[in-house]
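Structure record follows, encoded as structure tokens.
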Amino acid sequence: MDKVVALCKRRGFVFPASEIYGGIANTYDYGHYGVLLKQNVIGQWWRSMIQERDDVVALDSAIIQHPRTWEASGHLAGFTDPLVDCRTCKLRFRADHLDQARCGRRPSKHPGETAECDLTDPRDFNLMFETHMGPVADEGSRIYLRPETAQGIFLDFKTVLSFARRKPPFGIAQVGKSFRNEITPGNFIFRTLEFEQMEMEFFVPPDQAEQWYEHWLGERMRWYERLGLRSDHLRLRPHDPDELSHYSSATSDVEYLYPIGWSELEGIANRGDFDLTQHARGSGEKLEYVDPQTKERYVPHVIEPAAGVGRTILALL
């Protein structure tokens, strides 16, 4: 990874942000060639989603959404990482990633491997960036920077269904910035505080969810191969039951063999009807589809391919 980082800085692809002030962890700027590469990746993604298909429409939703969005989605209560502090070196680590971290006193060791390490009990830390709207910073003005682009799509489902004149199965795609208060080392642009997502929510009748999930697994693997990534450096890894997110009934990662080892390049999840159901409860709006011929009402299930621009660029480099 060190060679990739050095090359990117030397050629002006990617380099640390705020460098004249000493930089800030897990934030990077893209130079001329980095910007062009990023736009090419995004352009290829849009082409595969919009121009080569007739069942996906585009959206650009707001970064700042109503704070009740994050209550309904479960992010306020459950979007957390377990953290521990070392009383000796004063550093903070993810409790579930200690084998990937380095001891502050002895970098050749992992936290907790030496007698000097004095780790606290794990505690949950919410990953959302919090700020305030308006001149007074009080409880009523609290808002959040979105940790994923998906929720804006779910909030606009009813509106898009109306103006786009679509019926399931159909998708809503967008590319945009998301923000996560990551504590762990980022391995260059693999994990950053702000990042661009290429995300699509595909709404399907409940009885078709499994077949569309399999469809998108194949589509996304083929896209990376067409992009030029080595097929022997790509694999599809299904999540074990204990890995699944609270909203997911099935998830698989497209993994790439980075210099840091096999790691997630993209996630494809069967989110079921969790998000639309939660936002219907939270807002009081019916987020369902009514078939005009049969008059059948149902809440569509959602298949989500979610990719990161930065991770795709890192794989290409």
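The working numbering numbers the first residue of the sequence shown as 52 and each following residue consecutively. Ideal placement from N, C-alpha and C gives every residue a C-beta, glycine not left out. As the structure is a prediction and not an experimental result, all values here were calculated from the model.
{"query": "Can you name, in chain order, every residue of its own chain whose Cβ lies under 7 Å from the Cβ of E336, other than the five neighbours on each side?", "result": "K209"}
{"query": "Any idea what DSSP makes of N238, helix, strand or coil?", "result": "coil"}
{"query": "Who pairs with Y313 in a beta bridge, going by DSSP?", "result": "Checking the displayed sequence, the identity of residue 313 turns out to be Trp instead of Tyr. DSSP lists L308 as partners of W313."}
{"query": "So for K346, helix, strand or coil by DSSP?", "result": "coil"}
{"query": "Under a Cβ-count criterion, where at least 16 other Cβ atoms within 10 Å of its own Cβ denotes burial, should A224 be classed as buried or exposed?", "result": "buried"}
{"query": "Grab me the residues of R143's own chain with a C-beta within less than 8 Å of its C-beta, minus the 5 sequence neighbours each way, in chain order.", "result": "L134, V135, D136, C137, I234"}
{"query": "Could you check if R145 is buried or exposed, using at least 16 other CB atoms within 10 Å of its CB as the buried criterion?", "result": "buried"}
{"query": "Label D193 either buried or exposed according to how many other C-beta atoms from any shown protein chain fall within 10 Å of its C-beta, with 16 as the threshold for buried.", "result": "One detail in the question is off: residue 193 reads as Arg in this sequence, not Asp. Classification for R193: exposed."}
{"query": "Around the Cβ of Y72, are there at least 16 other Cβ atoms within 10 angstroms (buried) or fewer (exposed)?", "result": "exposed"}
{"query": "Under a Cβ-count criterion, where at least 16 other Cβ atoms within 10 Å of its own Cβ denotes burial, should I204 be classed as buried or exposed?", "result": "buried"}
{"query": "In the segment 239 to 284, which residue ranges form an unbroken beta strand (DSSP E) of at least 3 residues, counting only runs that do not cross its ends?", "result": "245 to 255"}
{"query": "Please identify the residue among K218, Y307, I101, H148 whose C-alpha is closest to the C-alpha of Q344.", "result": "K218"}
{"query": "Taking Cβ positions only, does P289 come closer than 7 Å to chain B?", "result": "Although the question refers to chain B, the structure presented lacks it and comprises just one protein chain."}
{"query": "Whose CA, out of G359, D172, D189, lies closest to the CA of K228?", "result": "G359"}
{"query": "Drop a sphere of 10 angstroms on the beta-carbon of P162, count the other beta-carbons inside from all chains shown, and report buried for 16 or more, exposed for fewer.", "result": "buried"}
{"query": "Give a yes or no on whether the C-beta atoms belonging to E315 and D304 are separated by under 7 Å.", "result": "yes"}
{"query": "Pull up the CB-CB distance for S124 and D326, whole angstroms please, since I reckon it's below 8 Å.", "result": "7 Å"}
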